[in-house]
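Let me begin by presenting the structure, written as structure tokens, before commenting on it.
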Amino acid sequence: MLYGTLLSTALITASSFVYATPVSTEEKLAEKAKIIPFVNKHAAARNSENYTPSGASKRDLHRIHKRNERIAAVKRSGVNVTKSKRKAAALEPYDIGAVRRAAMKKRQGHSTSNPLVNYQDILYYGNLAVGTPAQVTTIDFDTGSSDLIIPSAACTTCVGPFYDPSASTSYLNYGAAFSTKFADNSTAAGVVGSETISVGTLAVMYQPFAVITSSSNHFDGPFSGLMGLAFESIAESKATPWFFNLANQGYLASNLFSFYLTRQGAEGSELCIGCIDSTKFTGQPEYFPLYAGTGNATQAVWDVISDGVTYNNVLVTRPLIAIIDSGTSFIYIPPSQAAALYAKIPGAQLYTNNRYYVFPCTSAATIGQVGFTFRGSSNVFNIQPSQFNLGPVDTGSDMCVGAILSSGSEDDIALVGDAFMSSWYSIFDYGNMRIGFAQAV
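Just so we're on the same page, the working numbering is the position in the sequence shown counted from 1, plus 163.
Right under this line is the structure:
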């Protein structure tokens, strides 16, 4: 998600000290706290602002550019040119759902269910505890990036709750500068250190992360920081991401995490780490192997092969590599493929920004079903109509925006975000190098 310059030689030495540990009683109590309210003027302004499709898509497009830059840099470096081998065991998914809890309670290892806030069906975020004693902040759990980034109170243009390194007895400053530049030329800068990082009852000590001390005005949102859940190869910090530290040390009940994202602003969204929750979906999950790429490659993101986008259960696009990205609000496909899809939808037309398509709001309930198919399955994974319709393009407009947008790049990539994941319970299985989907309740 991010690209920039990082002096991180200290991280190589520090990585040998990273280890998972149970969370203290104090930290457990802190993690059970409700999502902390916004605490500064920037957060208050953002909290009172309604996200529009254009605003959210602008944010998403920044992410696409940053991810592509980082992946391209990895390929150019020539480092790790063979496929990364997983270090975690392939285990049956540990189900914390009521139906199977009793049968699986003897499973060795740990898991946690972390509640998430649904912010207008566009952003989902939850609590994370930092340091000793624990300081609780809010985080976007992002499968499209790999770094942990947390603002400190020194960043006057960032959003709280903030982290104060001076108030933690477990903080180590590596003395390495962190600087990143966004696609719109906005920036964020700080230092690299390590801390005890906890989500729910799971913790990693000496986890490297970036402490942001200054930024331009685009490093904001309803949440404070970002935890990357993609693979180490695209980490700016060169550090093993938090989840993979837990998995590689055999600390989890199963080496996966899963998302349940609610719809229509409902409560109950959650991130299940080391587990799945069968009370959040119906039927059985269907799994798809991660895309191996062509030639020599390093696993970078959570991607699978899609046979294409469907309209009323019929394929209307070419095959695509689908990156499943919890940090992206909408869905992005190449311009020609977006045109092919919307040519099937009555009344649809390309909006003036050449990025998204609009259709008459009066026909939103009857435009048909849009979905994806994935290689090796005859099933169609349709998007809930309420999630495909993003609402009026402008206040008072009678034209509504579709959740599939043009990426602006004629490649073979589909960036599949929350508009899809809110319809399908999504399982990111590191132990088996696969992604699973089941119909979300």
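From the three backbone atoms N, C-alpha and C, an ideal C-beta is built for every residue, glycine too.
Classification of residue i by the beta-carbon crowding that lies within 10 angstroms, buried from 16 upward
| i | result |
| --- | --- |
| residue 359 | buried |
| residue 538 | exposed |
| residue 541 | exposed |
| residue 557 | exposed |
| residue 395 | buried |
| residue 477 | exposed |
| residue 448 | buried |
| residue 480 | buried |
| residue 582 | buried |
| residue 485 | buried |
| residue 509 | exposed |
| residue 408 | buried |
| residue 585 | buried |
| residue 332 | exposed |
| residue 561 | exposed |
| residue 603 | buried |
| residue 336 | exposed |
| residue 455 | exposed |
| residue 258 | buried |
| residue 366 | buried |
| residue 549 | exposed |
Span of the beta strand (DSSP E), counted from its first residue to its last, around residue i
| i | result |
| --- | --- |
| residue 298 | 298–305 |
| residue 462 | No beta strand (DSSP E) holds residue 462; DSSP gives it neither H nor E. |
| residue 357 | 350–362 |
| residue 592 | 587–592 |
| residue 330 | Element bounds for residue 330: n/a, residue is neither H nor E. |
| residue 444 | 444–452 |
| residue 577 | 576–579 |
| residue 135 | There is simply no residue 135 to check, as the chain begins at 164 and stops at 604 in what is shown. |
| residue 278 | 275–282 |
| residue 483 | 483–487 |
| residue 433 | 433–436 |
| residue 311 | 311–314 |
Alpha helix (DSSP H) segment containing residue i, residue limits
| i | result |
| --- | --- |
| residue 550 | 548–551 |
| residue 504 | 498–505 |
| residue 600 | No alpha helix (DSSP H) contains residue 600, which is instead part of the beta strand (DSSP E) from 597–603. |
| residue 522 | It is not in any alpha helix (DSSP H) - residue 522 instead sits in the beta strand (DSSP E) that spans 520–523. |
Expected contact under 8 Å - CB spacing of residue i and residue j to nearest Å
| i | j | result |
| --- | --- | --- |
| residue 386 | residue 302 | 6 Å |
| residue 565 | residue 475 | No, residue 565 and residue 475 are not in contact; Cβ-Cβ is about 15 Å, not under 8 Å. |
| residue 274 | residue 416 | 5 Å |
| residue 587 | residue 544 | 6 Å |
| residue 272 | residue 437 | 7 Å |
| residue 343 | residue 399 | 6 Å |
| residue 308 | residue 251 | Actually they are not in contact, since the Cβ atoms of residue 308 and residue 251 sit about 20 Å apart, beyond 8 Å. |
| residue 311 | residue 373 | 7 Å |
| residue 469 | residue 535 | 5 Å |
| residue 304 | residue 314 | The pair is not a contact, with the Cβ atoms about 16 Å apart (cut-off 8 Å). |
| residue 327 | residue 298 | 7 Å |
| residue 580 | residue 493 | 5 Å |
Below-8 Å beta-carbon distance, residue i vs any chain B residue
| i | result |
| --- | --- |
| residue 551 | Among the chains of the structure shown, chain B does not appear; only one protein chain is present. |
**OP:** Tell me the start and end of each unbroken alpha helix (DSSP H) in the segment 370–421 that is at least 4 residues and wholly inside, in chain order.
**Re:** 405–411
Original post:
Enumerated in chain order, which unbroken segments of the alpha helix (DSSP H) with a length of 4 residues or greater are wholly contained in the segment 532–571?
Top reply: 548–551
Original post:
How do the segment 435–443 and the segment 461–476 stand: do at least 3 beta-carbon pairs fall below 8 Å, yes or no?
Top reply: They do not touch, by the three-pair rule.
Subject >> Sufficient close CB pairs (3 or more, under 8 Å) joining the segment 418–437 to the segment 512–520 >> reply: As far as the Cβ criterion goes, the segment 418–437 does not touch the segment 512–520, which means the pair count is below three.
**OP:** Take every Cβ of the segment 490–507, pair it with every Cβ of the segment 565–581, and state whether three or more of those distances are shorter than 8 Å.
**Re:** yes
Original post:
Is the segment 273–290 touching the segment 385–400, taking contact as three or more C-beta pairs under 8 Å?
Top reply: yes
**OP:** Taking 8 Å as the threshold, find out whether the segment 592–601 comes into contact with the segment 517–525 through three or more Cβ pairs.
**Re:** no
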